[in-house]
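Single-structure report; data block below.
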Amino acid sequence: MITLFDLPSKLDGKLWSPNTLKTRISLNYKTIPFTTEWVEYPDIETVIKRLGGAPTSKKPDGRDHYTLPAIHDSQTGKTVTDSIEIAAYLDKTYPSTPALFPSATRGAIEMFSSVFEQAFFPIFPFIAIATNAILNPPSEEYFRKTKKELLQKKLEELAPPGFNRDEIWTKVKEELEKIACFYDKNGEDSTFFLGNTFTFADAIVIGYLAWVQIVLGPESDEWRAVAGWSGGRWGKLLDLTKKWQV
Numbered sequence: 000m001i002t003l004f005d006l007p008s009k010l011d012g013k014l015w016s017p018n019t020l021k022t023r024i025s026l027n028y029k030t031i032p033f034t035t036e037w038v039e040y041p042d043i044e045t046v047i048k049r050l051g052g053a054p055t056s057k058k059p060d061g062r063d064h065y066t067l068p069a070i071h072d073s074q075t076g077k078t079v080t081d082s083i084e085i086a087a088y089l090d091k092t093y094p095s096t097p098a099l100f101p102s103a104t105r106g107a108i109e110m111f112s113s114v115f116e117q118a119f120f121p122i123f124p125f126i127a128i129a130t131n132a133i134l135n136p137p138s139e140e141y142f143r144k145t146k147k148e149l150l151q152k153k154l155e156e157l158a159p160p161g162f163n164r165d166e167i168w169t170k171v172k173e174e175l176e177k178i179a180c181f182y183d184k185n186g187e188d189s190t191f192f193l194g195n196t197f198t199f200a201d202a203i204v205i206g207y208l209a210w211v212q213i214v215l216g217p218e219s220d221e222w223r224a225v226a227g228w229s230g231g232r233w234g235k236l237l238d239l240t241k242k243w244q245v
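Now the structure itself:
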């Protein structure tokens, strides 16, 4: 049995993290049974070290940085960190399940990931503030502290009154319209990045879209706008894949 280590929130469903959602979606798409263990931000390093998992990056001071998602597979005894590495592990270890990286596509999908995340990044200030508001107290304090250390600003200073919100949302819309054009090159009715074939590229997109929907609210003006961009492509994609977002 696989255990997915995920970040909880105060929301009823607890889910919110785009990165852990990528892995949750991957597991559900492949129909691999798993359980969830909820881990607050301050406990991530201790939990992953205990399991023998690897750090995913370095902190500004050079120390190892441990992040979620992580999985522990009791069948193999392995602990894997980083959503892309987890996806590759699942493909290799469970080859009879649908591939997240179809033959020779990992490089292209990782490149797409970089492009999509860059397109999404300008709205990070709004999402970060909204995310902080839904976290449980231990994670809220940690999130606020670490973001200040990294960005040299308080969270509220990331999007102060008068901040050019409309311009930023317009910029993100323009970038996502460009990405939608790549999808359309596979046919205007193409649902996924590779046409009608779901891949990890789509898990990435869905993870970030769901993050916006969850933390800003499904009835928020911002999410309603995003859902309607590109002829409603993004809202339809999220609706179509709801069964994998649980």
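Read in order, the letters of the sequence shown are residues 0 to 245 in numbering that gives the first Met the number 0. In this text, a Cβ means the ideal position worked out from N, Cα and C, and glycines have one as well. Please read these numbers as outputs of a predicted model, since none were measured by experiment.
Using a threshold of 7 Å, state whether the C-beta atoms of residue i and residue j are closer than that.
i: Asp-5; j: Thr-35; result: yes
i: Pro-261; j: Asp-42; result: No statement about residue 261 is possible, as the shown extent of the chain runs from 0 to 245 and does not include it.
i: Ser-8; j: Leu-134; result: yes
i: Arg-164; j: Leu-154; result: no
i: Ser-82; j: Thr-22; result: yes
i: Ala-129; j: Leu-215; result: yes
i: Trp-222; j: Val-204; result: no
i: Pro-278; j: Lys-170; result: Any answer about residue 278 is impossible in this case: the structure gives the chain only from 0 up to 245.
i: Thr-198; j: Leu-99; result: yes
i: Ser-138; j: Glu-39; result: yes
i: Gly-246; j: Thr-75; result: Residue 246 is absent from the model: the chain starts at 0 and stops at 245.
i: Phe-33; j: Leu-14; result: no
i: Ala-179; j: Phe-192; result: no
i: Ala-132; j: Ile-24; result: no
From which residue to which residue does the beta strand (DSSP E) around residue i run?
i: Val-33; result: Note on residue identity: the sequence assigns Phe, not Val, to residue 33. First-last of the beta strand (DSSP E) with Phe-33: 33-37.
i: Ile-70; result: 69-72
Could you give the C-beta distance for residue i and residue j, rounded to a whole number, given that I count them as a contact under 8 Å?
i: Ala-118; j: Glu-174; result: 4 Å
i: Thr-78; j: Ala-86; result: Thr-78 to Ala-86, Cβ: 15 Å. No contact.
i: Trp-228; j: Tyr-28; result: Their Cβ separation, rounded to whole angstroms, is 24 Å, which puts Trp-228 and Tyr-28 out of contact at 8 Å.
i: Asn-18; j: Leu-67; result: 7 Å
i: Leu-20; j: Gly-234; result: That pair is no contact at about 16 Å.
i: Thr-96; j: Thr-30; result: 7 Å
i: Pro-59; j: Leu-150; result: About 11 Å separates the two Cβ atoms, so there is no contact after all.
i: Arg-105; j: Tyr-182; result: 19 Å between Cβ atoms; not a contact.
i: Ile-213; j: Leu-10; result: 7 Å
i: Leu-26; j: Ile-1; result: 7 Å
i: Thr-196; j: Pro-101; result: 7 Å
Grab the span of the alpha helix (DSSP H) containing residue i for me, first residue to last.
i: Thr-78; result: Not the alpha helix (DSSP H): Thr-78 falls in the beta strand (DSSP E), residues 77-80.
i: Ala-226; result: 220-239
i: Val-46; result: 43-50
i: Gln-117; result: 105-119
Check residue i in the structure and name its three-state DSSP category.
i: Leu-3; result: strand
i: Lys-170; result: helix
i: Lys-13; result: coil
i: Asp-63; result: strand
i: Thr-196; result: strand
i: Ser-250; result: Because residue 250 is not part of the residues shown, which for the chain are 0 to 245, the question remains open.
i: Lys-177; result: helix
i: Phe-100; result: coil
i: Lys-21; result: helix
i: Lys-29; result: coil
i: Lys-242; result: helix
Problem - Ranges of the alpha helix (DSSP H) found wholly within the stretch 129-154, counting only runs of at least 4 - result: 136-150
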